[in-house]
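Peer 1:
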Amino acid sequence: MAVSDIHISIDKAALYLRQVLASDKYSHLTKIPICLGLQIEIWRTEEGELAAALQESINSTDFRAIPAAQEAINMLEKMKPDKSRSKGEVAESCSICFEEMKVLEVEVVRMPCEHVFHYDCIVRWLNTSHSCPLCRFPMPTTAHVSQSKTI
Amino acid sequence: MQTSRARLFKEYKEVQREKGADPDIQLVCDDSNIFKWTALIKGPSETPFEGGVFQLAFAIPEQYPLQPPQVRFLTKIFHPNVHFKTGEICLDILKNAWSPAWTLQSVCRAIIALMAHPEPDSPLNCDSGNLLRSGDVRGYQSMASMYTRLAAMPKKG
Chain A
1 MAVSDIHISI DKAALYLRQV LASDKYSHLT KIPICLGLQI EIWRTEEGEL
51 AAALQESINS TDFRAIPAAQ EAINMLEKMK PDKSRSKGEV AESCSICFEE
101 MKVLEVEVVR MPCEHVFHYD CIVRWLNTSH SCPLCRFPMP TTAHVSQSKT
151 I
Chain B
1 MQTSRARLFK EYKEVQREKG ADPDIQLVCD DSNIFKWTAL IKGPSETPFE
51 GGVFQLAFAI PEQYPLQPPQ VRFLTKIFHP NVHFKTGEIC LDILKNAWSP
101 AWTLQSVCRA IIALMAHPEP DSPLNCDSGN LLRSGDVRGY QSMASMYTRL
151 AAMPKKG
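So the sequences go chain by chain: A and B. Taking the UniProt record's numbering, I'd label the letters of the first sequence as residues 1 to 151. Taking the UniProt record's numbering, I'd label the letters of the second sequence as residues 1 to 157.
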């Protein structure tokens with residue numbers, strides 16, 4: 001004999017059962033079978049979730065950029081700053097280390113976008129990110145290189 | 001010599017040379033640690049931050065300038081892109097759009113520009129972002145200027 005399907009929260013279940021047992025309707029029974037189904041709902045405050053997400057995004061301060069392809073870096077031509085001058089303007093200083101560039105001993109590189117940097121400086125940067133520090137000209141990345149190979 | 005240290009020293013010398021050139025920014029290097037800087041920036045005019053002076057804290061990573069500096073507001077500010085509690089700043093050039101051609105000085109200028117032009121669609125302060133996104137510019141401005149008065153202006157009396 002089924003009473004009914006009722007939905008009550010678990011903290012009210014004991015009270016409900018006591019009422020059922022006390023009622024005259026079931027006084028003739030010595031055993032009352034009870035079937036319990038549990039439905040669990042977890043309530044998280046939206047605020048707490050937001051705060052956790054924010055904190056997570058703040059903590060991930062590591063700067064993730066896409067490096068240039070090694071092949072592209074290798075193709076950059078090293079030159080002496082005096083030689084590079086004949087091809088076009090060379091800035092006074094390297095925009096990465098801010099040191100002078102017209103010092104003859106230090107090799108420089110002209111990027112495809114015409115910007116000139118110290119060779120060591122731009123290689124270190126391109127191993128971090130594939131865009132030109134001055135104009136964001138995108139150097140090929142590994143994805144580009146492998147794509148062009150398969151075509 | 002460590003690249004980051006040499007580069008920061010260059011910036012330090014530039015800041016000393018250009019002292020007062022930009023009256024809205026006052027960058028100060030920690031006496032004993034070149035990787036720690038603070039800045040005082042003036043709230044841009046015709047914004048709710050006008051008249052306020054805001055302090056920023058810079059922590060510079062060893063890999064600088066290949067990696068961006070970490071910057072946060074020490075002065076409380078009500079702005080969609082600044083975390084109200086921690087002062088953390090959501091600005092592309094401090095994350096993936098970083099370039100080593102930026103300097104601490106130019107980062108300060110970018111932050112001043114961000115104060116004048118909030119990006120409510122990438123909010124760190126949702127209350128502030130929601131006011132702007134719902135078109136309640138007046139509500140945003142009044143909250144922001146209240147906090148400017150409370151936190152970024154000298155106490156009267």
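Yeah, the Cβ is synthetic: ideal placement off N, Cα and C, and Gly gets one too.
Starting from the Cα of L94 (chain B), find the closest Cα among B:A116, B:P65 and B:D121 and give me that residue.
Peer 2: Closest by alpha carbon: B:P65.
Peer 1: Give the straight-line distance between the Cα atoms of I151 (chain A) and G135 (chain B), rounded to the nearest whole angstrom.
Peer 2: Unreliable positioning characterises I151 (chain A) in this predicted model, as indicated by a pLDDT of 45, which lies under 50. A coordinate reading is not provided.
Peer 1: Just to confirm, are V109 (chain A) and E71 (chain A) a CB contact at a threshold of 8 Å?
Peer 2: No.
Peer 1: If the cut-off is 9 Å on Cβ atoms, which residues from the segment 124-154 of chain B count as contacting chain A, listed in chain order?
Peer 2: Of all residues in the segment 124-154 of chain B, L124 and C126 have a Cβ within less than 9 Å of some Cβ in chain A.
Peer 1: If you follow the alpha helix (DSSP H) that C126 (chain B) is part of, which residue opens it and which one closes it?
Peer 2: Segment C126 to R133, the alpha helix (DSSP H) holding C126 (chain B).
Peer 1: Between which two residues does the beta strand (DSSP E) holding F117 (chain A) run?
Peer 2: That run of the beta strand (DSSP E) goes V116 to H118.
Peer 1: By Cβ distance below 6 Å, which residues in the same chain neighbour C113 (chain A) in space, the five residues on each side in sequence not counted?
Peer 2: C132, C135 and F137.
Peer 1: Nearest chain B C-beta to A65 (chain A) closer than 8 Å, yes or no?
Peer 2: Answer yes: the Cβ-Cβ gap between A65 (chain A) and chain B drops below 8 Å somewhere.
Peer 1: At a cut of 8 Å, does the segment 106-117 of chain B reach the segment 36-56 of chain B through at least three beta carbon pairs?
Peer 2: The segment 106-117 of chain B is in contact with the segment 36-56 of chain B.
Peer 1: Counting only C-beta atoms, is K95 (chain B) closer than 8 Å to chain A at any point?
Peer 2: Answer yes: the Cβ-Cβ gap between K95 (chain B) and chain A drops below 8 Å somewhere.
Peer 1: In the structure shown, what three-state DSSP assignment does K25 (chain A) receive?
Peer 2: Reduced to three states, the DSSP call for K25 (chain A) is helix.
Peer 1: By the 10 Å Cβ neighbour count, where 16 or more other Cβ atoms means buried, how is S122 (chain B) classified, buried or exposed?
Peer 2: It counts as exposed.
Peer 1: Rank B:R17, B:K13, B:Q16 and B:Q55 by C-alpha distance to the C-alpha of P154 (chain B) and give the top, closest one.
Peer 2: For the residues B:R17, B:K13, B:Q16 and B:Q55, the minimum Cα distance to P154 (chain B) belongs to B:Q55.
Peer 1: Report the residue from A:H118, A:M139, A:D24 and A:C97 whose alpha carbon sits nearest the alpha carbon of residue 162 (chain B).
Peer 2: Past the boundaries of the shown model lies residue 162 (chain B); chain B is included only from 1 to 157, so the question cannot be answered.
Peer 1: List, in chain order, every chain B residue whose beta-carbon is nearer than 8 Å to that of P133 (chain A).
Peer 2: Near P133 (chain A) (Cβ distances below 8 Å), the residues of chain B are S99, P100 and A101.
Peer 1: Out of B:R5, B:P23 and B:D22, point me to the one whose CA is closest to W37 (chain B)'s CA.
Peer 2: Nearest of B:R5, B:P23 and B:D22 to W37 (chain B), Cα basis: B:R5.
Peer 1: So Q26 (chain B) is in the beta strand (DSSP E); what residue range does that whole segment cover?
Peer 2: First-last of the beta strand (DSSP E) with Q26 (chain B): I25 to C29.
Peer 1: Can you find a CB in chain B that lies within less than 8 Å of the CB of M1 (chain A)?
Peer 2: With a pLDDT of 45 at M1 (chain A), under the threshold of 50, the modelled position of that residue is not reliable, and the figure given next carries that caveat. Answer no: the Cβ-Cβ gap between M1 (chain A) and chain B never drops below 8 Å.
Peer 1: Entirely within the segment 27-80 of chain B and at least 3 residues each: give me those beta strand (DSSP E) ranges in chain order.
Peer 2: Runs found: 36-42, 53-59 and 70-73.
Peer 1: Can you round the beta-carbon distance between A151 (chain B) and T75 (chain B) to whole angstroms, since I take them to be within the 8 Å contact cut?
Peer 2: So it is a contact: roughly 5 Å between Cβ atoms.
Peer 1: Alpha helix (DSSP H) containing R17 (chain B): first to last residue?
Peer 2: It spans T3 to R17 - the alpha helix (DSSP H) in which R17 (chain B) sits, taken as one unbroken run.
Peer 1: Could you spell out the range, first to last residue, of the beta strand (DSSP E) harbouring V108 (chain A)?
Peer 2: It spans V108 to R110 - the beta strand (DSSP E) in which V108 (chain A) sits, taken as one unbroken run.
Peer 1: Where do the ends of the alpha helix (DSSP H) carrying G139 (chain B) lie?
Peer 2: Per DSSP, G139 (chain B) belongs to the alpha helix (DSSP H) from V137 to A151.
Peer 1: Report the partner residues of E41 (chain A) according to the DSSP bridge assignment.
Peer 2: According to DSSP, E41 (chain A) bridges with nothing at all.
Peer 1: Give the single residue among B:D92, B:H79 and B:C90 whose Cα lies nearest to the Cα of S133 (chain B).
Peer 2: A small correction: the amino acid at residue 133 (chain B) is Arg; Ser does not occupy that position in the sequence shown. Of the listed residues, the one whose Cα sits closest to R133 (chain B) is B:H79.
Peer 1: Since P67 (chain A) sits in a beta bridge, which residues does DSSP pair it with?
Peer 2: None; P67 (chain A) has no bridge partner.
Peer 1: Could you give the distance in angstroms between the alpha-carbon of K31 (chain A) and the alpha-carbon of D5 (chain A)?
Peer 2: Cα-Cα distance, rounded: 19 Å.
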